[in-house]
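Student: For reference, the structure I am asking about is given below.
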Amino acid sequence: MDQASALLRQVSGKDVKVFNTLNAAIAACEGATGKVWAVLPLSKSTLLEVHTALAQGSGQLGVVVVASQAPVSQLEVLRAMEYGGVFVASSELGAAGSSALAEAASFTDGPSLVLLAEPSAVKGDENWTAFKYDPRREAAGGSAFAAESSKVRSEIQGFLSRENLLTLVAKKALPTAGAVEDEDAGALAQGLGDASKTVTILYSSDTGHSQECAKAIARQCRNGGFASSSVRCVTMDSFDVNALASEPLVVFCIATAGKGEFAGNGRGFWSKITEKAEELNGKLGGMKYCIFGLGDSHYWGKGTEDSKVNFAKPAKDLDEVLEKIGAPRLMATGFGDDQDIDQYSTGFGEWKDVLYSKLGVDKAVGGGGDDDGPVKNDEVIKTETNQLRGSLKASLDDITTGQVPFQDTKMIKFHGSYQQDDRDMREERQKLGVENAFSFMIRVRLPGGYCTAEQWLAMDDICGKFANGTLKITTRQTWQLHGVLKRDVKGTMRAINKACMDTIAACGDVCRNALCTSHPGACSKKIMDEVLNWTYQVHDHCLPRTGAYHEIFLMHGDEMAEKTQVLGCTPVEEEPLYGLTYLPRKFKVAFAIPPCNDVDVFAHCVGFIAIIKDNVLLGFNVSVGGGLGFTHNNQKTFPRLAEVIGFCKPSDAKYVCEAILTVQRDFGDRTNRKHARIKYTAEDYGHEWYREQVEDRLGFKLEEARPYKFESRGDLHGWVQTEDGLWNVGVLVPIGRVKDNSRTGLRRIAEELKGCGSIRMTCNQSVVITEIPESKKAVVQKLLEEYKIMHSKETTVSGLRRNMVACVALPTCPLAFAEAERYLPTLVERLEVVLERCGLTQQDIAIRMTGCPNSCGRPSMAEIGFIGKAPGTYNMYLGGDFVGERLNTLFAESITEDQIIQILTPMFGRYGKEREKEEKFGDFLVRTKIVKPMTAGRYWWSTPEV
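All letters in the sequence shown, in the order written, are residues 1 to 946 by full-length UniProt numbering.
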C-alpha cells in the first residue's frame, strides 16, 4: 500500500491527493482539476465498491487496488472495461507499475483503475497477464486493449472473446442516421441512454417459458440498435450477484416452480442475494431493474389462499428485496398467468410493449438476427429443414458443445431422439460456469415390441457402450437409451442399424411405433402372428420416406460421400403421406386383441381391435381420437378416450390408417400445439364427421362395429404354452428399468435362446420371453431364479406392484415437475403394508404415476393415478377401470406422500370388506360413490368436486 502511494507521488508529483478510503477520494473529486486517488487492498468488498463508483463515471477518480497474496484474479478488474471510457491496467509493483500509473494519471476522459500486484503474489503464476486498456488508442484507430506478453490468461481471453465486447462497449456510439428512421432516432437515443447501451437479461426456468421471454427481449434489443455484445441473456444462477452494482439495467424473467419457489437455475442467485442484502444495501442506486413473473393463479386450486400467495411468488419476492436495498425500478413488475387465454403470453405481450418503448426499441422487428433461441414455430421449421435434415449432421459433428441448436432439437425428434440434460446437476454446473450436462435419449422403432434374442443382446451391448448402462422399457412397447453423449449419437444409431433395427419415426410429428397385444394368452399363436403382421404392415405403410435418417446417421466415410443425397442436386424427395409439414402433432396407433387390452387401445389416435371368430381373424373395429396429455389448469386441454367408428377387413387396415392420418394432416390445428392432437379434431368435429371424411378418402364405407369385450389389461406373469408346443414366460421389470440383476439375468437368457427364442416388450413396461423350446425351459427357469427376476404371483410381491407404471421424469425429462420412476416403487412399498392389513396383497390394482400432465405413463387411465405438480407433490386421480375403458377423476389436489397414505388407507379398508365378487378397485370407488365416474374427457374439469 505504501509502495503504491509512493509510486503515485513519483509519477504525479508530491501534491497529488491520495486517500486510503474510496468515499474520501470520491468526496475530494468535486471541484478537483486532476486525478484524486484511492489506494485500496484487493478484496471482494473493495471491488464491489469500486464498480459502484466507476458506474458514476467521475473523470477525476483514480483507484489503485493492491494485491499482496496469491492467487490473483484479474476478472473483476477487467470488467471495469465494460463501462467504456475507463482506463484499466494490471501490472506488478515496480517499474512496470510506475508506467501503468503514469498512463492512468494522464487519462482525463474518465476514471482510472489500476491493479498492482506485489511480485511475490504472482511469482510463478503462468496465467498472470499484465495489460493496459486505454480508450484513447481506439480513438486513434488502434486496439484499446494491449497485453504486455503474448500469452493471455484464459479468464481474460474468454472475456475478450465475447463478441469483441470491449471495443463495442467503449465506442458508446448511437446508431448512425442510416440505421433508423429520423423520427425514431430521438426515442432510440433516449432508450439507449437510459440503459447505458447495456442490458443484462436474467431468467430462471424449468420448462422454458421464462427463457423464451428472456430471449425474445434479447432479440428485440439487438434488432433495435443495441450492440449485440451489449445484450446478455443468461440464467440467474450463472450471474455473479456481486456484479449487480456494475450493471446499468437488469431485466428478470422468473418462472414459478414448486410451491412458490424459484426454478432450479435461479435458486442459487436467490440464496446469494438474500444473504448479501445487507451488504448490497445502498449500493445498487445505479442499477435499474424490471421483472416479469410467470405463474398460474389456479395452480393450487381456484380461489385458494395457497394459489393467491404462491402465484409468481419468486418474482414478487425478488422485487421486494431489490426495492429494500435501494435499486430503482425501470417500470412496474409484470405477470403472466397460465389462466389467461394465451397463458403467460397475454401478460408478457402487454408488459414487453412498455419495456420496448422505454428502451426505444419498440419500432424494431423482433424476429431476426441473433441465434438467441426460437424465432420460428414448428410448422415453419419443418418446411425449412429439407425433409428433416436441417443442420443436424453438422451439429452432431460439432465437438465444441454437448448440445445441438434449437431447430435441430426439433428435427432430431423425427429420428427417434430427444436432447435432454441431467437436472440434478444443473445447479452445480452453473456454479462452475459450464453448460448443462447434455445428453440424448434414443428410442428404438420396434413395432409390436418384438425382437430376437440376438437383438436383445445387441441392445444390451449398446447401452453399456454408449448409454448409462441400463435399458428403459417404455409404454410405447420398445427400448429407450438414456445418457447418450452427442459424440456417441451417430455411433449408437449405427450400432442399432447393424442389429437390423432403427429409430426412424420413434418420436416426432409422424406415425410413431405401432403397438400390439403381447399377452400370449389373449389368442392362439396363429392369430397373434397374424395381428402382429398387420401391425407391421400398417406401421411400415405410414413411415416417412425421407432419406435424411440414413444421410445423417448411417452414411459415413469417403466411400459413402457420393451416395449421400444433397437436396437440390438430386431428385426432390416426396412424402406421399406427410408433405412438407408432416403432421400437426404425434400420431399413435395400437392393435388390441380382446379380451386383453394391454395396449390401452383407447388412449391412442387410432386403434384396431381384433375381431376373432372360431380362430379366424375377421377384421378390426376401428377407433379414433384418443390421447391423454393436458396442461395443469388449462381447461382447453383434457385427456380423451377414442371412439369406435366402424369395422374394416384386415387387408384394408393400412389404408384406413392412412385415411385417418391424412384427415388429421389436413384438419388438425397447426396454430396451437396444445390443441393439435387428433383427439381435439375428433372432439371439435365429432366422430361421425370423422368417419365420413375417412370413408370419402377410402372410396368405400366402413362396416358397422362388431361386438367385443375387454376383460383385463395386465401382463402375463408365469409360464404358458402355445399350441405349437413352445413356451412363454412373463417377467416383471419394475418400472421398465432393465438394470443390475435383471439386466444380467435377461442377457444370460437371451444368450441361451440365440437362434430359437424371442422377446416381446409390453406396454406395461415389462417383458414376455417367447418361443422357448421345451429343451430350454428348465434353463430359463433356473436363470430366472438365480438372478431373482420376478416372474410369478409369488415373486412379484403384490398385485399393486405387478400393475405399477411410471414415466422417466426426473432427472432427465425437461418437462417433469416431480419424480415418477425413482419414487413410485417407494410409495408402492408403503401402500403394500396397508394392503396386507386389508387382505388385498394379491389383488390386482392399476397404479400409475407421471412427473407432468403430458401423461407418458397413462396415469389418467389408472384406478389410482398420480400426476406431478411440484417436487414431492401430486394430484391424485381415482376411479379408472381395470380394462382401460374409463378415465379416472381428480380426487385430491397437491398432496404429499403422507396425505396419499392417509386418503387411501380407509378406501382400501372399505374395499377389502365391502367389494362384490370379482369387483375391481376402480369400479368399487364408482359404485360406492366415493368418486364420480368420468364419462367423457370433455368433463375432465367439471366432474371433480375438488
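Yeah, the Cβ is synthetic: ideal placement off N, Cα and C, and Gly gets one too.
Since the model is a prediction, treat every value here as computed from it, not as a measurement.
(1) If residue 820 and residue 868 are in contact, beta carbons under 8 angstroms, what's the gap, nearest whole angstrom?
(2) Which of helix, strand or coil does DSSP assign to residue 587?
(3) Identify the residues that DSSP records as bridge partners of residue 608: which are they?
(4) Under the three-state reduction of DSSP, which class applies to residue 345: helix, strand or coil?
(5) Please look up how many angstroms separate the CB atoms of residue 843 and residue 799, rounded, as I've assumed it's under 8 angstroms.
(6) For residue 323, count the other beta carbons within 10 Å of its own beta carbon; 16 or more makes it buried, fewer makes it exposed. Which is it?
(7) On the criterion of 16 or more Cβ atoms from any shown chain inside 10 Å, does residue 649 qualify as buried, or is it exposed?
(8) With 16 other CB atoms within 10 Å as the buried threshold, where does residue 64 fall?
(9) For residue 526, which of helix, strand or coil comes out of DSSP?
(10) Please state whether DSSP places residue 263 in a helix, a strand or coil.
(11) In its own chain, which residues sit with a C-beta less than 7 angstroms from the C-beta of residue 236, not counting the 5 before and 5 after it?
(12) Using a threshold of 8 angstroms, state whether the C-beta atoms of residue 947 and residue 679 are closer than that.
(13) Please work out which residues of its chain come closer than 8 angstroms, Cβ to Cβ, to residue 309, disregarding the five sequence neighbours upstream and downstream, and give them in chain order.
(14) How do the stretch 479-496 and the stretch 789-799 stand: do at least 3 beta-carbon pairs fall below 8 angstroms, yes or no?
(15) What span of residues does the beta strand (DSSP E) with residue 421 cover, start to end?
(16) Going by the beta-carbon positions, is the gap between residue 715 and residue 730 smaller than 8 angstroms?
(17) Distance, Cα to Cα, residue 439 vs residue 282?
(18) Is it the case that the Cβ atoms of residue 3 and residue 93 are separated by a distance below 8 angstroms?
(19) Just checking my contact of residue 462 with residue 505 at CB under 8 angstroms: how many whole Å lie between their CB atoms?
(20) For residue 204, which residues does DSSP report across the bridge?
(21) Any idea which residues DSSP pairs residue 443 with across the strands?
(22) For residue 772, list the residues DSSP reports as bridge partners.
(23) Helix, strand or coil for residue 932 per DSSP?
(24) Just to confirm the assignment: which complete beta strand (DSSP E) runs, minimum length 3, are found wholly within the stretch 817-883?
(25) What is the rounded straight-line gap between the Cα of residue 331 and the Cα of residue 410?
(26) Go to residue 719, then tell me how far its beta strand (DSSP E) extends in each direction, as first and last residue.
(27) Taking residue 221 as part of the alpha helix (DSSP H), name the residues at either end of that continuous run.
(28) Give me the residue from 249, 357, 522 and 432 with the minimum Cα distance to residue 722.
(29) Compute the Euclidean distance between the alpha carbons of residue 466 and residue 492, then round it to the nearest angstrom.
(30) With residue 325 as the anchor, note down where its beta strand (DSSP E) starts and where it stops.
(31) Excluding five sequence neighbours on each side, which residues of the same chain lie with their C-beta closer than 6 angstroms to the C-beta of residue 164?
(32) At the level of alpha carbons, what is the spacing between residue 507 and residue 245?
(33) Work out the CA separation of residue 551 and residue 565 for me, nearest whole Å.
(34) In its own chain, which residues sit with a C-beta less than 6 angstroms from the C-beta of residue 319, not counting the 5 before and 5 after it?
(35) I believe residue 101 touches residue 39 by the beta-carbon criterion, under 8 angstroms. Please report the beta-carbon distance rounded to the nearest angstrom.
(36) In angstroms, rounded to a whole number, what distance separates the CA positions of residue 442 and residue 811?
Tutor: The relevant details are as follows:
(1) 7 angstroms
(2) strand
(3) 591 and 622
(4) helix
(5) 5 angstroms
(6) exposed
(7) exposed
(8) buried
(9) helix
(10) coil
(11) 202, 203, 204, 265, 266 and 269
(12) Because the chain in this structure spans residues 1 to 946, residue 947 falls outside the shown range and cannot be described.
(13) 260
(14) no
(15) 417-421
(16) yes
(17) 44 angstroms
(18) yes
(19) About 19 angstroms; that fails the 8 angstroms criterion.
(20) 254
(21) 480
(22) 727
(23) coil
(24) 847-850, 864-870 and 873-878
(25) 36 angstroms
(26) 718-721
(27) 209-223
(28) 522
(29) 6 angstroms
(30) Premise fails: residue 325 is in no beta strand (DSSP E) and is neither H nor E.
(31) Confidence at residue 164 is low in this model, with a pLDDT of 38, below 50, so the placement of that residue is unreliable and no value is reported for it.
(32) 47 angstroms
(33) Confidence in residue 565 is poor, its pLDDT being 42 and thus under 50, which makes the residue's placement unreliable; the coordinate value appears in the next sentence. Cα-Cα distance, rounded: 7 angstroms.
(34) 291 and 333
(35) Actually they are not in contact, since the Cβ atoms of residue 101 and residue 39 sit about 11 angstroms apart, beyond 8 angstroms.
(36) 16 angstroms
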